[in-house]
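Okay, so here's the structure we're looking at.
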Amino acid sequence: MLSIIIPTHNRLEMLKELLKSLEKQTFQDIEVIIVSDNCSDGTNNFLLSTQFPSTWKYIINEIPLNAGKSRRKGFLESKGEYVAFIDDDDYFIDPHFYERAISIFSQYPELSVVAANSINKYEDTLKYEKVCINIEGYVKGMEYMSGFQFKWYKPNPSFAVFRREKLIAAGIDNMYMVNDCPLYMRALLVGDIYIESDPVGIYRLHANNISKSISADFIIENLEEKNYIYHKLKKKNVDFSISLWWYKIVRITIDYFLGANPSKVETFKVLLWCKRHSHFSILLILYLLKISYSKKRMISLLFC
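Residue numbering for the sequence shown follows UniProt numbering, beginning at 1 and increasing consecutively.
Written as structure tokens, this is what we have:
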């Protein structure tokens with residue numbers, strides 16, 4: 001069975017479109033777990049009044065948890081041998097993806113993840129753009145980890161399926177929040193990945209995407225997860241520079257954060273965390289100095 005976990009917050013019409021696309025999937029040995037995270041737009045009434053299939057259920061969070069913690073909550077309620085986490089504003093255009101994914105898993109017992117390409121939809125202009133992919137097929141976990149995000153394409157996690165036993169081996173139940181990069185990284189620590197180059201779904205880009213409102217606390221929680229991966233990699237016999245990997249992973253995360261135009265206070269919190277976890281990476285220290293200098297007097301506070 002495949003467990004599909006959907007955290008949702010005030011996106012009822014988009015959620016409905018996603019659910020319709022799931023109904024069209026040819027693989028139907030599924031359970032769907034919708035986690036309504038403190039919704040106030042009619043989502044809860046929709047969930048309460050809709051006659052879902054017997055294997056579909058919902059959880060209503062009266063106190064907001066955020067998407068990452070809602071994914072974790074949904075996972076703990078799930079029972080499937082395979083697990084998928086889908087954002088409420090994404091949807092499928094290929095009805096056969098899950099059927100293919102389960103078939104691929106049956107061929108390769110060491111796989112942690114089967115993922116596929118997607119198409120970006122810009123809601124303000126209604127423009128569609130296929131995501132550029134530069135790696136496909138069966139890829140060893142450590143090979144993919146060595147260039148994760150900065151060299152190799154990262155598939156949208158809404159269009160991925162994970163093997164449950166691999167997630168448990170990677171300690172998913174100990175994750176404070178289940179978000180895309182840490183989820184992929186944990187899975188890669190214990191298994192391999194298979195990537196399809198053809199797009200199977202639509203990823204919406206709109207005013208309410210999470211990237212438009214990123215808090216320092218969210219980024220620090222994300223960095224804590226990546227720091228966990230760093231220490232796990234140090235214990236492995238890998239054939240790439242872990243120090244260089246750490247610099248690139250942290251830099252990508254900081255650049256993503258700065259792209260949301262955070263306040264100086266929020267920026268300082270994140271940079272201070274990075275300074276304390278530089279792991280003696282000269283490149284990272286120089287990068288932090290450059291950002292701090294651009295923020296003017298922040299440099300004296302960070303490096304005094």
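Note that the Cβ used here is the ideal one computed from N, Cα and C, for glycine as well.
Per DSSP, reduced to three states, the secondary structure at Val250 is helical. Residue burial is scored here from C-beta neighbours: Gly171 has fewer than 16 other C-beta atoms within 10 angstroms and is therefore classed as exposed. Along the region 6 to 85, the alpha helix (DSSP H) occurs as fully enclosed runs of 4 or more residues at 12 to 23, 43 to 49 and 67 to 77, listed in sequence order.
Shown here, Val113 sits in a strand according to DSSP, grouped into three states. DSSP, reduced to helix, strand and coil, places Asp198 within a strand of the structure shown. No residue range can be given for Gly147, since it is assigned to no alpha helix (DSSP H) and is classified by DSSP as neither H nor E.
Counting the other CB atoms within 10 Å of its CB gives Gly259 a total below 16, which places it among the exposed residues.
Per the coordinates, the alpha-carbon of Asp94 lies some 45 Å from the alpha-carbon of Ile282. Spanning the alpha carbons of Phe159 and Gly147 requires a straight line of approximately 20 Å. Taking the Cβ atoms as the reference, Ser112 lies roughly 6 Å from Val190, within the contact range of under 8 Å. For Phe150, the CB contacts under 7 Å within the same chain, skipping 5 residues up- and downstream, are Lys248 and Ile252 in chain order.
Selection Glu13, Ser3, Lys130 and Leu167 evaluated against Phe46 yields Glu13 as nearest (Cα-Cα). Exclusion of the five residues before and after Leu284 leaves Trp246, Tyr247, Val250, Arg251, Cys274 and Ser278 as the residues of its chain whose Cβ lies within less than 8 Å of its Cβ. With contacts defined by Cβ atoms closer than 8 Å, Ile135 and Ile229 do not form a contacting pair. In this structure, Val114 and Val161 form a Cβ contact; the two beta carbons are roughly 5 Å apart against a cut-off of 8 Å. Contact between Leu18 and Ile5 is absent: CB atoms are separated by about 12 Å, not below the 8 Å threshold. For Glu129, the enclosing beta strand (DSSP E) begins and ends at Lys127 to Lys130. Remark: C-beta atoms of Ile86 and Lys57 do not approach each other more closely than 8 Å. Annotation: the continuous alpha helix (DSSP H) that includes Val190 extends over Asp180 to Val190.
The beta carbon of Arg72 lies closer than 7 Å to those of Met175, Met177 and Val178 in the same chain, with the five residues before and after it left out. Contact annotation, Ile59 with Val35: C-beta distance approximately 5 Å; criterion of less than 8 Å satisfied. Annotation for Val238: no beta strand (DSSP E) segment contains it, and DSSP assigns it neither H nor E. Burial state of Ala207 is exposed, judged by a 10 Å Cβ sphere holding fewer than 16 other Cβ atoms.
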